[in-house]
Amino acid sequence: MLTSGSQSELKRMQFAAEVDGKTIPKRTVVRKSVGGHPKLTTPAEDRYIAIVAKRNFRATSTRVASMVPRVCVPLSVQSRGARLKWCREHVNWTVFDWGNVMFTDESRFDRKPDDKRIRIWRKQGTRNEPQNITEHHAFRGG
Numbered sequence: 000m001l002t003s004g005s006q007s008e009l010k011r012m013q014f015a016a017e018v019d020g021k022t023i024p025k026r027t028v029v030r031k032s033v034g035g036h037p038k039l040t041t042p043a044e045d046r047y048i049a050i051v052a053k054r055n056f057r058a059t060s061t062r063v064a065s066m067v068p069r070v071c072v073p074l075s076v077q078s079r080g081a082r083l084k085w086c087r088e089h090v091n092w093t094v095f096d097w098g099n100v101m102f103t104d105e106s107r108f109d110r111k112p113d114d115k116r117i118r119i120w121r122k123q124g125t126r127n128e129p130q131n132i133t134e135h136h137a138f139r140g141g
């Protein structure tokens, strides 16, 4: 007996159904018809697309959402050491000292709708996994 899922899902899966003259056994998931554009892929093709998307996150798939990959600057051992040194030098700064620092942030604005950003297909909660991160070298590596 199934114990997880909504009551309607469990009830739908408990009973055998007849589709196109074929009896479908209990606990078999059936594609239900929905309104809108008819589905062009078969269940076998859907499974294949899902397998491809799991192997290659830049491919398209069902049950995988299209999202923008996380962009970050790759840190070498030297740059990590330099950042740690800088932090230790500035740990005792006062509010007055920090008041003389100007923080800037650059935003990307474009008048055209096509921003040419790369999109990937990934599962939710996998943003920080290495295969979902695109390295970005700011100012041509400078």
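Residues in the sequence shown are numbered consecutively from 0, following numbering that gives the first Met the number 0.
Using N, Cα and C, we set each Cβ at its ideal position, and we do this for glycine too.
Which of the three DSSP states, helix, strand or coil, is assigned to residue i?
i	result
TRP97	helix
ARG121	strand
THR61	Caution applies to THR61, whose pLDDT of 47 falls short of 50 and renders its modelled position unreliable; the value that the coordinates give is listed next. Residue state, collapsed to three classes: coil.
Between residue i and residue j, how many whole angstroms is the CB-CB distance? I'm expecting something under 8 Å.
i	j	result
CYS168	ILE132	The displayed coordinates of the chain run from 0 to 141. Any statement about residue 168 would go beyond what the structure contains.
From the beta carbon of residue i, is the nearest beta carbon of chain C less than 8 Å away?
i	result
ILE48	No chain C appears in the structure shown, which is made up of a single protein chain.
Tell me which residues share the same chain as residue i and place their Cβ nearer than 7 Å to its Cβ, disregarding the 5 neighbours each side in the sequence.
i	result
LEU39	none
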